[in-house]
Amino acid sequence: MKRDQFPKLNLSKFHFSHPVFISFTSGTTGLPKVMMHGCGALMPTAKEFWLQLDCTRDSTWFSMSPVPWVSWNMCCLSVLLKFSFLRRSAIFLSPTYFWDN
Numbered sequence: 003m004k005r006d007q008f009p010k011l012n013l014s015k016f017h018f019s020h021p022v023f024i025s026f027t028s029g030t031t032g033l034p035k036v037m038m039h040g041c042g043a044l045m046p047t048a049k050e051f052w053l054q055l056d057c058t059r060d061s062t063w064f065s066m067s068p069v070p071w072v073s074w075n076m077c078c079l080s081v082l083l084k085f086s087f088l089r090r091s092a093i094f095l096s097p098t099y100f101w102d103n
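Written out as structure tokens, the structure is:
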């Protein structure tokens, strides 16, 4: 695309606590519980990735987390890294699964 073909961005201001995304627990110990992540929560996360881990948009981040949906949200929304999502629990396959293959 040429520079003049891009549509004009319409940006809006939001309050520090404005919800960016909402996640829910699985409900295995009762009713599902809500986890609301606001604009203010994403800013420190982005700072940590960029400054402490020296991550850029060309970085790849691997997270073996028991709650990958939270990792995906935090990673993609805050720093826009390349991200691979494995939709199964590799921890139950073997403790060294990712290094054996």
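First residue of the sequence shown? That's 3 in my numbering, and the numbers climb one at a time after it. Don't be surprised by glycine CBs; every beta carbon is placed ideally from N, CA and C. Here the structure is a predicted model, which means the values were calculated and not measured.
>> Runs of 4 residues minimum, wholly inside the stretch 31-62: which ones carry the alpha helix (DSSP H) assignment?
In response: List check, alpha helix (DSSP H) in window: 41-49.
>> By alpha-carbon positions, which one of CYS41, ILE24, ALA43, LYS10 ends up nearest to PRO34?
In response: On the sequence shown, residue 34 is found 32 positions in, with the first residue counted as 1. Ranking CYS41, ILE24, ALA43, LYS10 by Cα distance to PRO34 puts ILE24 first.
> CA-CA distance, SER14 and PRO21?
Replying inline: By 1-based counting over the sequence shown, the position of residue 14 is 12. By 1-based counting over the sequence shown, the position of residue 21 is 19. The alpha-carbon atoms of SER14 and PRO21 are separated by roughly 14 Å.
> With which residues is PRO21 paired in a DSSP beta bridge?
Replying inline: Taking the first residue of the sequence shown as position 1, residue 21 is located at position 19. According to DSSP, which records beta bridges pairwise, PRO21 is partnered with GLY40.
>> Considering only their Cβ atoms, is the gap separating PHE18 from CYS41 smaller than 9 Å?
In response: As a first step, residue 41 is located in the sequence shown; it is residue number 39 there, counting from the start. As a first step, residue 18 is located in the sequence shown; it is residue number 16 there, counting from the start. Closer than 9 Å, so yes.
>> Per DSSP, what are the beta-bridge partners of PHE26 in this structure?
In response: As a position in the sequence shown, residue 26 is number 24, starting the count at 1. DSSP output for PHE26 lists VAL36 as bridge partner(s).
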